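Number 269 marks the last residue of the sequence shown (the working numbering); no jumps. Heads up, the beta-carbon is just placed ideally off N, CA and C, and yes, glycines get one too. Since we're looking at a predicted model, the values are computed, not measured.
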Amino acid sequence: MNQDQAVLLLRLAGPLQAWAVRPEHGRRETQGEPTKSGVLGLLAAAQGRARGDDITDLVGLSMAVRVDQAGELLRDYHTTSDHRGGPLPSTQVNAKGEQKLTSPVKSTYVTQRFYLQDAVFVAALAGPAALITGLAEAVRNPAFPLALGRRSCPPTQPVLLPLPEQAESMQDLESVLRTVPWQAGPRAQQAHQSRRDPQTVRLQATIDDSAGEYTEKDVPLSFTIGMRNRGQRRVRHTWIVVPTGLPPSSKPRRTREDEDHDPFELLGW
Numbered sequence: 001m002n003q004d005q006a007v008l009l010l011r012l013a014g015p016l017q018a019w020a021v022r023p024e025h026g027r028r029e030t031q032g033e034p035t036k037s038g039v040l041g042l043l044a045a046a047q048g049r050a051r052g053d054d055i056t057d058l059v060g061l062s063m064a065v066r067v068d069q070a071g072e073l074l075r076d077y078h079t080t081s082d083h084r085g086g087p088l089p090s091t092q093v094n095a096k097g098e099q100k101l102t103s104p105v106k107s108t109y110v111t112q113r114f115y116l117q118d119a120v121f122v123a124a125l126a127g128p129a130a131l132i133t134g135l136a137e138a139v140r141n142p143a144f145p146l147a148l149g150r151r152s153c154p155p156t157q158p159v160l161l162p163l164p165e166q167a168e169s170m171q172d173l174e175s176v177l178r179t180v181p182w183q184a185g186p187r188a189q190q191a192h193q194s195r196r197d198p199q200t201v202r203l204q205a206t207i208d209d210s211a212g213e214y215t216e217k218d219v220p221l222s223f224t225i226g227m228r229n230r231g232q233r234r235v236r237h238t239w240i241v242v243p244t245g246l247p248p249s250s251k252p253r254r255t256r257e258d259e260d261h262d263p264f265e266l267l268g269w
């Protein structure tokens with residue numbers, strides 16, 4: 001990175017996470033990894049920005065996300081009723097801006113909310129050094145509670161990761177992510193220890209790339225309630241090998257012509 005640019009590293013882990021792109025009242029799904037709108041929302045909360053504040057500087061940050069521990073999908077079944085026993089309002093409003101009642105009348109809503117449980121991600125954001133420095137300080141001492149996509153999903157510590165010394169001179173986020181040690185939990189690390197090469201692990205990553213062949217519609221234009229439109233960004237998906245910090249295995253290592261693709265590795269052989 002040049003002297004005017006810096007990188008912020010975040011460890012996004014917690015019992016539950018929820019990263020929605022198209023939130024709906026009856027069914028609130030989650031993406032398999034953090035969205036740009038969700039990560040920028042966390043940073044805006046850390047700085048104490050109001051929902052209507054300008055976020056142009058945050059949107060300009062480049063982002064890459066590494067999946068250190070994919071977690072499992074959890075479905076939470078909800079019912080909602082009025083404690084007075086009356087009919088529930090609908091999502092429609094009349095000419096006066098007042099909510100209409102459901103038709104036919106409903107006394108109970110059924111909703112489903114989806115979460116990622118026990119997932120761990122590393123997010124890297126690059127931008128102007130002054131902005132990154134301010135964001136790092138805000139994450140250390142947040143103005144508002146931090147959340148992993150929803151208010152009910154607080155992160156575990158540490159959220160802010162130190163930038164490895166060898167990464168300071170690197171020019172792209174993918175290279176930076178290759179230097180950050182694996183952040184998975186003890187159970188995943190213990191399972192990985194039984195592999196023939198436990199000192200490295202191959203992880204999925206999604207990286208902002210103007211020439212990327214995939215599109216994500218998760219760039220926030222505003223966090224104002226009722227105006228949560230999303231813009232698009234181009235990304236590429238890739239696999240990167242990172243150090244685990246685990247000791248070497250006593251198993252003999254197979255010799256293969258193609259070391260980058262080993263289907264047996266997925267089975268834990």
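* Asked: Count the other CB atoms within 10 Å of the CB of Gln-17; is the residue buried (16 or more) or exposed (fewer)?
  -> buried
* Segment contact flag, the region 228 to 243 with the region 195 to 208, C-beta cutoff 8 Å, min 3 pairs -> yes
* To do: Report all residues from its chain with a CB closer than 8 Å to the CB of Gly-71; omit the five preceding and five following residues, and keep chain order.
  => Gln-17, Leu-116, Gln-117, Asp-118, Ala-119 and Val-120
* To do: Note the first and the last residue of the continuous beta strand (DSSP E) segment covering Leu-125.
  => 108 to 128
* How is Gly-86 classed by DSSP in three states: helix, strand or coil? -> coil
* Kindly examine the ligand GTP and report whether one of its heavy atoms sits closer than 7 Å to the Cβ of Pro-186. => For the structure depicted, the ligand GTP is absent and the ligand set is empty, with no information on it obtainable.
* Burial state of Thr-244, where buried means 16 or more other Cβ atoms lie within 10 Å -> buried
* By DSSP, does Glu-137 sit in helix, in strand, or in coil? -> helix
* Assigned secondary structure, Lys-217 (DSSP; H/G/I helix, E/B strand, else coil) -> strand
* Asked: Over what stretch of residues does the alpha helix (DSSP H) that includes Pro-186 continue unbroken?
  -> 186 to 192
* Excluding the 5 residues preceding and the 5 following Ala-13 in the sequence, name in chain order all residues of the same chain whose CB lies nearer than 6 Å to its CB. => Val-120 and Thr-156
* **Per-residue burial, Glu-168 [other beta carbons within 10 Å of its own, 16 or more giving buried]** => exposed
* Asked: Considering Gln-47, what are the terminal residues of the alpha helix (DSSP H) in which it resides?
  -> 36 to 47
* Asked: Can you tell me where the alpha helix (DSSP H) with Val-7 in it begins and where it stops?
  -> Unbroken run through Val-7 is the beta strand (DSSP E), 5 to 17; no alpha helix (DSSP H).
* To do: Count the other CB atoms, across all protein chains shown, that sit within 10 Å of the CB of Pro-34; report buried if there are 16 or more and exposed otherwise.
  => buried
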